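Colleague: To start, I am sharing the structure in question, which I have written as structure tokens.
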Amino acid sequence: MDWITTAVNGALLGGLYGLFGLGLALVFGVMRVVNLAHGEFIVLGAYLGVFLVAAMPQVPPWLMIVPVALAGYAIGWGLQAGVVNHAVRTRDPLTPLMLTFGLSVVLRNGMVQLFGADSRAIDGGALTSTGFDLLGMRIGVYPLLVLLLAAALFAGLQWLLRRSEFGRVVRATADAPEVARLMGVAPERVFNRVMGLALAFAMLAGFLLAQRTLFTPFSGVERMLVAFEVVIIGGLGSFWGALAGGVVLGMAQLLGQKFDSNAGPLYAHLVFVATLMFLPKGLAGERR
Amino acid sequence: MPPLLELDAVDVFHGDLQAVFGVSLRVEAGQALALIGANGAGKTTLLRAIAGLTPARRGTLRFDGYPLAGLRAERIAALGVAMVPEGRLLFPSLSVEENLQMGQLTRRAGAWTLARVYELFPVLREMRQRPATRLSGGQQQMVAIGRALMCNPRLLLCDELSLGLAPLVVEEIYKAFARIRAEGLAIVLVEQDVARACAVSDTMLCLLKGRVTLAGPSHHVPRERIAAAYFGE
Chain A
8 MDWITTAVNG
18 ALLGGLYGLF
28 GLGLALVFGV
38 MRVVNLAHGE
48 FIVLGAYLGV
58 FLVAAMPQVP
68 PWLMIVPVAL
78 AGYAIGWGLQ
88 AGVVNHAVRT
98 RDPLTPLMLT
108 FGLSVVLRNG
118 MVQLFGADSR
128 AIDGGALTST
138 GFDLLGMRIG
148 VYPLLVLLLA
158 AALFAGLQWL
168 LRRSEFGRVV
178 RATADAPEVA
188 RLMGVAPERV
198 FNRVMGLALA
208 FAMLAGFLLA
218 QRTLFTPFSG
228 VERMLVAFEV
238 VIIGGLGSFW
248 GALAGGVVLG
258 MAQLLGQKFD
268 SNAGPLYAHL
278 VFVATLMFLP
288 KGLAGERR
Chain B
19 MPPLLELDAV
29 DVFHGDLQAV
39 FGVSLRVEAG
49 QALALIGANG
59 AGKTTLLRAI
69 AGLTPARRGT
79 LRFDGYPLAG
89 LRAERIAALG
99 VAMVPEGRLL
109 FPSLSVEENL
119 QMGQLTRRAG
129 AWTLARVYEL
139 FPVLREMRQR
149 PATRLSGGQQ
159 QMVAIGRALM
169 CNPRLLLCDE
179 LSLGLAPLVV
189 EEIYKAFARI
199 RAEGLAIVLV
209 EQDVARACAV
219 SDTMLCLLKG
229 RVTLAGPSHH
239 VPRERIAAAY
249 FGE
């Protein structure tokens with residue numbers, strides 16, 4: 008029974024991991040840019056959360072998802088409009104890669120300078136410590152809500168991309184930016200909004216994770232590794248695959264931790280390697 | 019009243035390589051101009067310059083008296099210049115209907131709506147939910163034309179409508195072309211079939227290695243003169 012409980016909790020953690028991958032997959036899918044600073048933005052979301060929760064102690068911490076996500080959108084929009092668009096315009100895939108790599112170094116050290124190198128966590132209040140019993144398992148209310156939120160965000164993004172005019176423009180721009188311009192679309196503006204969405208997801212996920220795991224300014228690398236693995240396990244370009252990839256990774260990590268308390272993440276990485284070997288197109292890739 | 023499109027001594031470059039040399043032309047509202055010339059004569063490059071995709075390096079381009087210099091392609095599209103690009107270039111991730119709807123983004127009002135495009139090409143209505151690039155070549159060309167019409171342009175640039183299509187399909191496309199012209203928009207047409215190009219246009223212009231070798235009304239041009247302008251003898 009213990010093991011099943013652990014597996015369920017891993018699946019709940021997976022919703023968060025899926026959100027990590029979502030922004031990365033979105034940016035790569037639309038503008039073919041691998042954002043190497045993705046992990047640092049996840050951590051930035053956590054620090055912003057620390058600040059907001061401390062500044063407004065009377066507001067329940069979970070409500071801070073709104074300002075954190077909005078800040079993520081604004082930062083992503085500004086980042087894309089300010090620098091990344093110039094890098095994309097060179098048409099050399101290496102330029103945005105170098106840019107975001109440099110940005111990750113600057114962000115990491117900037118956060119050390121501002122916040123110090125100590126480990127921190129966000130106290131999520133009563134919500135994070137309550138749970139309920141289901142079929143003999145102890146389920147945390149907070150992880151369950153996080154998974155539901157992640158699923159809702161995935162569904163919302165899916166709807167946005169498949170059904171709305173904005174989604175149509177995003178898909179067309181991803182296909183052929185130059186032809187989209189003939190239709191009156193400015194690809195740079197589309198990219199601004201896509202990066203905004205991606206970083207909103209990233210910072211939101213970072214804030215949510217900070218309520219259950221410690222973090223430091225150097226946690227970004229680990230977070231980005233998770234994001235990459237989620238995208239690859241799920242299958243490049245598949246959003247629901249990313250959520251499934253997150254769930255697989257979360258379960259592998261928690262089960263691994265139970266089995267060998269020193270090396271939970273190792274088992275998640277092993278699952279990733281196994282996926283590469285046996286399902287190189289990812290969970291969603293094989294079906295197509 | 020100024021002509022709808024006026025080019026004066028336009029030079030266009032691909033990187034360091036000059037493709038169009040000092041081309042001047044004018045298209046009046048509602049008129050059709052045929053651009054003819056051998057492969058590599060600079061026809062497509064000239065269309066791309068008008069659409070703003072490959073901006074001209076020298077010379078002036080005016081649309082309805084308004085200078086196009088320095089305008090991005092998306093701004094020029096909003097002014098009412100639409101293009102049916104060579105090779106159709108549909109959006110593979112979008113269905114037929116979604117491809118057509120992309121034309122509405124310029125928010126220009128006019129006669130062309132989804133219903134009118136389906137009326138012009140009834141076969142597209144049946145295929146509306148299919149991925150656009152799964153269609154036959156001729157149907158894809160219809161989508162590309164429909165997508166451009168949905169912009170409700172005042173000037174339509176058509177690059178090689180018949181490229182790679184069976185003769186019967188080409189017939190069908192040009193039948194639609196006559197109905198499109200009846201709406202009164204101006205057209206610049208690039209076409210390999212010289213006789214057809216002259217038959218469907220009011221004026222013609224022949225390019226040879228990026229330079230104008232012949233220009234004038236399309237009808238009653240002696241074949242020898244076209245041949246000389248086309249091959250440069």
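Line by line, the protein sequences give chains A and B. In the numbering used here, each residue carries its 1-based index in the first sequence increased by 7. In the numbering used here, each residue carries its 1-based index in the second sequence increased by 18. Every residue gets a Cβ at the ideal spot worked out from N, C-alpha and C, and that includes glycine. Treat the numbers as computed from the prediction; the structure is a model and nothing was measured.
Name the residue from B:T131, B:G228, B:A196 and B:R241 whose alpha carbon lies nearest to the alpha carbon of N57 (chain B).
Modeller: B:G228
Colleague: Does DSSP put Q36 (chain B) in a helix, in a strand, or in coil?
Modeller: strand
Colleague: Can you give me the C-alpha to C-alpha distance between P171 (chain B) and P64 (chain A), rounded to a whole angstrom?
Modeller: 57 Å
Colleague: How do the segment 146–162 of chain B and the segment 54–68 of chain B stand: do at least 3 beta-carbon pairs fall below 8 Å, yes or no?
Modeller: no
Colleague: Indicate whether at least one CB of chain A lies closer than 7 Å to the CB of E104 (chain B).
Modeller: no
Colleague: Which residue from A:D140, A:F48, A:A217 and A:G85 puts its Cα closest to that of I129 (chain A)?
Modeller: A:A217
Colleague: Grouping DSSP H, G and I as helix and E and B as strand, with all else coil, what is I129 (chain A)?
Modeller: coil
Colleague: Chain B partners of D182 (chain A), CB-CB under 8 Å?
Modeller: F109, P110, S111 and L112
Colleague: Looking only at its own chain, which residues have a Cβ that is under 6 Å from the Cβ of S126 (chain A), when we skip the five neighbours before and after it?
Modeller: L221 and T223
Colleague: Could I get the ranges of all uninterrupted alpha helix (DSSP H) runs contained in the segment 156–216 of chain B, with 4 residues as the minimum, in chain order?
Modeller: 185–199
Colleague: Taking the C-alpha atoms as reference points, what is the distance between L79 (chain B) and A47 (chain B)?
Modeller: C-alpha separation (whole angstroms): 15 Å.
Colleague: Using a Cβ cut-off of 7 Å, pull out every chain A residue sitting near A91 (chain B), in sequence order please.
Modeller: R188 and L189
Colleague: Put S219 (chain B) into one of helix, strand or coil per three-state DSSP.
Modeller: Coil.
Colleague: Starting from D99 (chain A), trace the beta strand (DSSP E) both ways and give me its first and last residue.
Modeller: Per DSSP, D99 (chain A) belongs to no beta strand (DSSP E) and is neither H nor E.
Colleague: Against A69 (chain B), what residues of chain A qualify as contacts under a CB-to-CB distance less than 8 Å, listed in chain order?
Modeller: For a Cβ distance threshold of 8 Å, residue set L189 of chain A lies close to A69 (chain B), ordered along the chain.
Colleague: Strictly under 7 Å for the Cβ-Cβ distance: is L123 (chain B) near chain A by that measure?
Modeller: yes
Colleague: Using beta-carbon positions only, say whether G40 (chain B) and A27 (chain B) come within less than 7 Å of one another.
Modeller: The answer is yes: Cβ separation under 7 Å.
Colleague: So which of B:G55, B:T62, B:V45 and B:Y248 has the shortest CA-CA distance to H32 (chain B)?
Modeller: Nearest of B:G55, B:T62, B:V45 and B:Y248 to H32 (chain B), Cα basis: B:T62.
Colleague: On the three-state DSSP scale, how would you describe R294 (chain A)?
Modeller: Per-residue confidence for R294 (chain A) stands at a pLDDT of 45, beneath the threshold of 50, marking its modelled position as unreliable; no derived number is given.
Colleague: Can the beta-carbon of A91 (chain B) be found less than 7 Å from the beta-carbon of G70 (chain B)?
Modeller: Contact check for A91 (chain B) against G70 (chain B) passes: the beta carbons are separated by less than 7 Å.
Colleague: Applying a beta-carbon distance threshold of less than 8 Å, which residues of chain B neighbour V95 (chain A)?
Modeller: The contacting residues do not exist; V95 (chain A) stays about 15 Å from chain B at best.
Colleague: By the 7 Å beta-carbon criterion, what residues does the segment 186–220 of chain A contribute toward chain B?
Modeller: V186, R188, L189, M190, G191, V192 and A193
Colleague: Which residues bound the beta strand (DSSP E) around R76 (chain B)?
Modeller: R76 to F81
Colleague: Any C-beta of chain B within less than 8 Å: which residues of the segment 166–182 of chain A qualify?
Modeller: Correct list: E172, R175, V176, R178, A179, A181 and D182.
Colleague: Give a yes or no on whether the minimum CB-CB distance between A96 (chain B) and chain A is below 7 Å.
Modeller: Chain A contact via Cβ: present.
Colleague: Does DSSP classify M101 (chain B) as helix, strand or coil?
Modeller: strand
Colleague: Say whether chain A places a C-beta atom closer than 7 Å to the C-beta of M101 (chain B).
Modeller: yes
Colleague: From which residue to which residue does the beta strand (DSSP E) around P235 (chain B) run?
Modeller: Where P235 (chain B) is concerned, the enclosing beta strand (DSSP E) stretches over R229 to P235.
Colleague: I'd like the span of the beta strand (DSSP E) that includes A162 (chain A), first residue to last.
Modeller: That residue, A162 (chain A), is in no beta strand (DSSP E); its alpha helix (DSSP H) goes V148 to R170.
Colleague: How far does the beta strand (DSSP E) with A52 (chain B) in it extend, from its first residue to its last?
Modeller: A50 to G55
Colleague: Closer than 8 Å between beta carbons: that is the criterion. Which residues of the segment 167–179 of chain B meet it against chain A?
Modeller: Near chain A, meaning a CB-to-CB distance below 8 Å, the residues of the segment 167–179 of chain B are C169.
Colleague: By a C-beta neighbour count over all protein chains shown, 10 Å radius and 16 as the cutoff for buried, is M145 (chain B) buried or exposed?
Modeller: buried
Colleague: From which residue to which residue does the beta strand (DSSP E) around L141 (chain A) run?
Modeller: Run containing L141 (chain A): G138 to L141, per the beta strand (DSSP E) assignment.
Colleague: Is the CB-CB distance between G227 (chain A) and G46 (chain A) below 7 Å?
Modeller: yes
Colleague: Excluding the five sequence neighbours on either side, which residues of its own chain have a C-beta within less than 6 Å of the C-beta of A158 (chain A), listed in chain order?
Modeller: none
Colleague: What's the gap between the Cα of A37 (chain B) and the Cα of A246 (chain B)?
Modeller: A37 (chain B) and A246 (chain B): Cα-Cα distance of roughly 20 Å.
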